[in-house]
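Right, one structure below, let's go through it.
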Amino acid sequence: MGLFLKGIKLPGKLPTFDAVEAPLPKRVILPLRQYIGEPARPVVSRGDRVKVGQLIGAAEDSTSLPLHATIAGKVVGIEEHLDHRGALLPSVVIEADGADTWIEPPGEKDIISLSPPEIITRIQGAGVVLKGMLPIPLAFDLLPPDQPKTHLALTGRRVVRRIDTLLIAAIDPEPSLLVNRYLAGSPNEELPGGIAALRSVTGAERTVFVVDKETSPSSQLTEIVAGDEEEVTMISLDGHRFPVGLPIPLIKAALGREVPLPYGHPRDVGVAVYDTDTVLSVGKSIQGIPPVETLITVGGGAFAKRGVVKIRIGTQISTLIESLGGFTGEPAKLITGGPMMGTAQYDLSVPITKDIHGVFALKEDEIQLVGDYRECINCGLCVKVCPVNLLPGVLSLYCARDRFEVAEREGLFACIECGCCDYVCPSRRPLVHLFRHAKHQLLET
Ligand code: SF4
Ligand code: SF4
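Be aware that the sequence shown starts at 157, since it is given in my numbering, and climbs by one per residue.
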C-alpha cells in the first residue's frame, strides 16, 4: 500500500449519527444545470402537471444532463434562481400536490444483458452527476471507456492505456462528511448492480473498496469481498488524515500510484475512482430510476439536529433548516459542502442540487475569520502539508500580484483546493481563495 503522510490530521473521532428522511417539500427549485456543462432544455411549461421522475429538461449534448421532476405537482414557473455556487440559472419550479405519484420506470434490466454503451446511455439518461471540485456528468467522465483521459502521451509521459482497478471510496472527501461512511455500514440493493456496471464500462479486472478504519463495513460489503478474494479487496484508511478521501490522494494512499499533475486524471494510472454514493446512483440508473433524492450530511454546532439526511433534490436550504428544527443559535457561517472545502452561502433560498455533499451551519468557535490576514512569513508550514507537493505560499504571492501565468507555470492547476494550507497558515492568508480566483482568471482568458 502507498504512503500518504502529507495533509493534516484533523482532531476528533467519527461522530455517531442518525440517518433521517426530510419531509416532502411543498416546493422545489430545479436548476437546469447542476454540473459544469451545458444546461438542459426545459420540456415542460408553466401549468403542466408532473410526476416524480418525469423528464422536465432534455440534455443538449454530452456535456449536458437531462433533468427529472423530484416531486409530483404543478410547474409554477421556469425562471432564474441562484444556485449554491452563486450563479443565476434557469430553473423549473414545481409546487407539490402532496400525492407523491411516481412515473413507471422503464423496468429493471439484467446488467448482464447490457453492453457498455447501453450502460453509459442509461447513466446519461438518468442524469447522474459526478460530485467533486468540478461536478460533471458521470457519463461524460466514463467516456471513452477504455482510454486514458488526458493527452499526456503526446508530451512523452507514460500513461496506462487500460483501467485495471475500480477504486470505490466508501470514505468521504472530508472527515466531517458522513454519507459514504454511512453507506459503507448499511446494505444497499443497488450496490452489486452499480459495481457490475462500472466494471463492465471501465473494463477493470479488480475492485478495491476503501473504508474508514473507524467504520464497520456492512455484512453485504464483507460478503462481496469474501465472495471473490482475488478480484475484490478492502483497505482501511485513517479518514481523519485529510484529504485522503479525495481521489488523487486516495489513489496514492490505497494503491501507491501517483496521478501525473497538473493535468492528469486517475485513468492515466489505470484507475477509475468513484464513491459509494455514485456507485449506488449507477445501480439505480440501470433500472431507469433517475436521482430524485440525495443523501447529504447536515452538520455544524448551530444545527439543532445533525446527521445524514435523505432529501428531495430541489428542496430549498431554508426548508431543510426548518424541517430539522432550526438552529440552536445564530450561525456564524453557513456552507454547502464540507467545512474544509465548502462554499459560503448568503441566501437560504438556494436549492439542494445533485452536486451538494452537505450543509453546515457553523458557530463562531468553529470557523477561522480571514479578514485580518498578514504577509507570508515563509514558515513553510503550507509546504509541509500540501498533498500535491506545491509551494502554496509562493504561489499565493504570484496570485495576489495578478501574475497568473507564472502561477500556472509553478503548478497552480495541480492544486486540488483541499484547504490544508489555509488551515495551517499562521498568517491566515486566504490561499485557496487566491488560487480559485487565479484559476478562474486563467480559464476566462
Ligand atoms: S496548495 Fe492546493 S492542494 Fe496544496 S494544500 Fe493548498 S489547497 Fe491543498
Ligand atoms: S503557511 Fe502561510 S505564512 Fe507560512 S509559508 Fe505558507 S503562506 Fe507563508
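Built from N, CA and C at the ideal position, the CB exists for glycine as well.
Tell me which residues pass a beta-carbon proximity test against ligand 2: closer than 7 Å to any heavy atom, given in chain order. Qualifying residues come out as Cys-532, Ile-533, Asn-534, Cys-535, Gly-536, Leu-537, Cys-538, Val-539, Pro-548, Gly-549, Ser-552, Cys-577, Val-580, Cys-581, Pro-582, Ser-583, Arg-585 and Leu-587.
Beta carbon of Pro-543, beta carbon of Ala-517: below 7 Å? no
Look at Pro-418 and Gly-567 and say whether their C-beta atoms are less than 7 Å apart. In contact: Pro-418 and Gly-567 (Cβ atoms closer than 7 Å).
Beta-carbon contacts of Lys-466 that lie in its chain and below 8 Å, excluding the five residues immediately before and after: Ala-175, Val-176, Glu-177, Ala-178, Glu-449, Thr-450 and Leu-451
Identify the residues that DSSP records as bridge partners of Met-390: which are they? Phe-365
Report back the beta-carbon spacing between Val-206 and Ile-250 to the nearest angstrom; my notes put them in contact at under 8 Å. 6 Å between Cβ atoms; contact.
Say the cut is 6 Å; is the CB of Val-464 nearer than that to a heavy atom of ligand 1? Outside the cutoff, so no.
Tell me the DSSP bridge mates of Thr-453? Val-464 and Gly-514
Whole angstroms are fine: how far does the CA of Ala-225 sit from the CA of Ala-243? 21 Å
Quick check on this structure: which residue in Thr-378, Glu-330 and Lys-369 has the alpha carbon closest to the alpha carbon of Pro-348? Thr-378
Taking the beta strand (DSSP E) that Val-200 belongs to, which residues open and close that run? Here Val-200 belongs to no beta strand (DSSP E), and DSSP marks it neither H nor E.
Proximal residues to Val-400 (C-beta, below 8 Å), its chain only, five neighbours per side dropped: Phe-160, Gly-163, Ile-327, Leu-393, Asp-394, Leu-406 and Ala-409
Output the boundary residues of the alpha helix (DSSP H) element that contains Val-550. 548–556
When you compare the segment 381–391 with the segment 473–490, are there three or more beta-carbon pairs, one atom per stretch, that lie closer than 8 Å? The answer is no - the segment 473–490 does not touch the segment 381–391, with fewer than three Cβ pairs under 8 Å.
From the DSSP output, which residues share a beta bridge with Thr-499? Thr-492
Could you check where the beta strand (DSSP E) with Lys-230 kicks off and where it finishes? 229–238
Would Thr-499 be called buried (16 or more neighbouring beta carbons within 10 Å of its own) or exposed? exposed
Would you say Val-562 touches ligand 1, meaning its beta carbon is less than 6 Å from a heavy atom? no
Would you mind stating whether Arg-189 and Leu-245 have Cβ atoms separated by less than 7 Å? Between Arg-189 and Leu-245, the gap from beta carbon to beta carbon is short of 7 Å.
Should Ile-572 be counted as a contact of ligand 1 given a C-beta to heavy atom distance under 6 Å? yes
Buried or exposed: Asp-558, going by 16 or more other Cβ atoms within 10 Å of its Cβ? The residue in question, Asp-558, is exposed, as its Cβ has fewer than 16 Cβ neighbours within 10 Å.
Does the Cβ of Thr-601 have 16 or more other Cβ atoms within 10 Å, making it buried, or fewer, making it exposed? exposed
Going by DSSP, name the residue or residues bridged to Pro-507. Gln-472
Can you list, in chain order, the residues of its chain whose CB lies under 7 Å from that of Ala-458, leaving out five sequence neighbours each side? Phe-483, Thr-484, Gly-485, Pro-487, Ala-517, Leu-518 and Lys-519
Assuming Ala-282 and Pro-507 form a contact by the criterion Cβ under 8 Å, report the distance between their Cβ atoms to the nearest whole angstrom. Not really, about 19 Å apart at Cβ, beyond 8 Å.
Pairwise C-alpha distance: His-240 and Asp-511: 10 Å
Identify, in the order they occur along the chain, each residue of the same chain with its Cβ nearer than 7 Å to the Cβ of Cys-577, setting aside the five sequence neighbours on each side. Cys-538, Val-541, Cys-542, Pro-548 and Leu-587
Element boundaries [beta strand (DSSP E), containing Pro-582]: First-last for Pro-582: undefined, no H or E at that position.
Using 6 Å as the cut-off, classify the Cβ of Cys-542 as near or not near the heavy atoms of ligand 1, replying yes or no. Answer for Cys-542: yes, Cβ within range of ligand 1.
Can you look up Thr-321 in the DSSP assignment and give me helix, strand or coil? In this structure, DSSP gives Thr-321 an extended state, which the three-state scheme calls strand.
Cutting at 8 Å between CB atoms, please list the residues of its own chain near Gly-470, excluding the five before and the five after it. Pro-181, Val-184, Ile-185, Leu-186, Thr-226, Ile-227, Ile-250, Pro-507, Ile-508 and Thr-509
Compute the minimum distance between the beta carbon of Leu-323 and the heavy atoms of ligand 1, and state whether it is under 6 Å. no
When burial is assigned at 16 or more other CB atoms within 10 Å of the CB, is Gln-524 buried or exposed? exposed
Given Asp-297 as reference, the closest of Ser-342, Thr-219 and Leu-211 once Cα atoms are compared: Thr-219
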